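In UniProt numbering, the protein residues as written are 1 to 262.
Idealized CB from N, CA, C, for every residue including glycine.
The structure presented is a predicted model; accordingly, all values stated were derived computationally and were not measured.
Below is one structure, written out as structure tokens; the observations come after it.
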């Protein structure tokens, strides 16, 4: 089964994959500072450490950050987007980076997304479900060739007719391949011996609360804060506006406050 993932890697390393394979120690102090730069207008509450694979199933109002010297990663539902080109500059500038990679996969919606920026300039972005392309900007990379050539065809369940408008590949497999090409990491099991696996990448977690939120003693002590998925919500933490569309892009807009970029 395909994995869920939402992550942005900010990299200023000459051999990033080799650095990843050396093993990672998260700089918690730097991760906390980076999270506060990202959500400067919000109250952030520590919710403990986790790993990259577990961050994929977090609530919409949680973010996970790892800082590893010359590269860093932001993960969580805050990065669920089908429009990488609209990612705010403040996110891309959260850590010094020559290159940034975004990977987002959503098996429930059959959505696969990947994007690359060089020195803050978008070089390539792709976002689609099996039938509709949401974004396709920049020149394709050589690793994409076999997908566009039909060498990774969609697999249909027995008795399900092929959609004549379908892409010649599954977008999630496409995004997973981008992650392996760029990060040396495969998101979906089984992993090969040479793969960098998400469950070995440590992150610090934070709950995002509105400006003026008054945390409880438990929250200040670092015990897990209530999230928007809980059955009860603190009165001081209002729900998202009723007219906010429940789309992946809206999750990013909710916290980073962006619309169309000029």
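Residues in the same chain with beta-carbon distance under 6 Å from residue i, minus the five sequence neighbours each way, listed in chain order, please.
i: residue 84; result: 102, 115, 125
i: residue 197; result: 191
Quick check on the DSSP output: the alpha helix (DSSP H) that includes residue i runs from which residue to which?
i: residue 141; result: Element bounds for residue 141: n/a, residue is neither H nor E.
i: residue 38; result: 28-38
i: residue 219; result: 217-220
i: residue 52; result: 52-55
List the endpoints of the continuous beta strand (DSSP E) containing residue i.
i: residue 186; result: Neither: residue 186 is in no beta strand (DSSP E) and is coded neither H nor E.
i: residue 284; result: Because the chain is modelled from 1 through 262, residue 284 falls outside the range shown and cannot be assessed.
i: residue 126; result: 121-128
i: residue 270; result: The displayed coordinates of the chain run from 1 to 262. Any statement about residue 270 would go beyond what the structure contains.
Suppose contacts are defined by Cβ-Cβ distances below 7 Å. Is residue i in contact with residue j by that definition?
i: residue 203; j: residue 64; result: yes
i: residue 6; j: residue 79; result: yes
i: residue 141; j: residue 169; result: no
i: residue 23; j: residue 205; result: no
i: residue 55; j: residue 75; result: yes
From residue i to residue j, what does the alpha carbon distance come to, in whole angstroms?
i: residue 217; j: residue 45; result: 11 Å
i: residue 50; j: residue 92; result: 23 Å
i: residue 151; j: residue 4; result: 24 Å
i: residue 113; j: residue 62; result: 20 Å
i: residue 41; j: residue 194; result: 41 Å
i: residue 143; j: residue 58; result: 31 Å
i: residue 200; j: residue 155; result: 31 Å
Between the Cα of residue i and the Cα atoms of the options, which residue gives the shortest distance?
i: residue 60; options: 219, 209, 167, 215; result: 209
i: residue 11; options: 73, 39, 21; result: 73
i: residue 14; options: 29, 182, 108; result: 182
i: residue 212; options: 43, 21, 9; result: 43
i: residue 81; options: 219, 129, 138; result: 129
Can you list, in chain order, the residues of its chain whose CB lies under 7 Å from that of residue i, leaving out five sequence neighbours each side?
i: residue 176; result: 105, 186, 187, 188
i: residue 235; result: Its pLDDT being 37, under 50, residue 235 is placed unreliably by the model, and the measurement read from it follows with that caveat. Correct list: empty, nothing qualifies.
With a threshold of 8 Å on Cβ separation, who are the neighbours of residue i within its own chain once the five nearest residues in sequence on each side are excluded?
i: residue 153; result: 168, 169
i: residue 131; result: 163, 165, 166, 167
i: residue 25; result: 68, 202
i: residue 94; result: 10, 34, 37, 38, 72, 74
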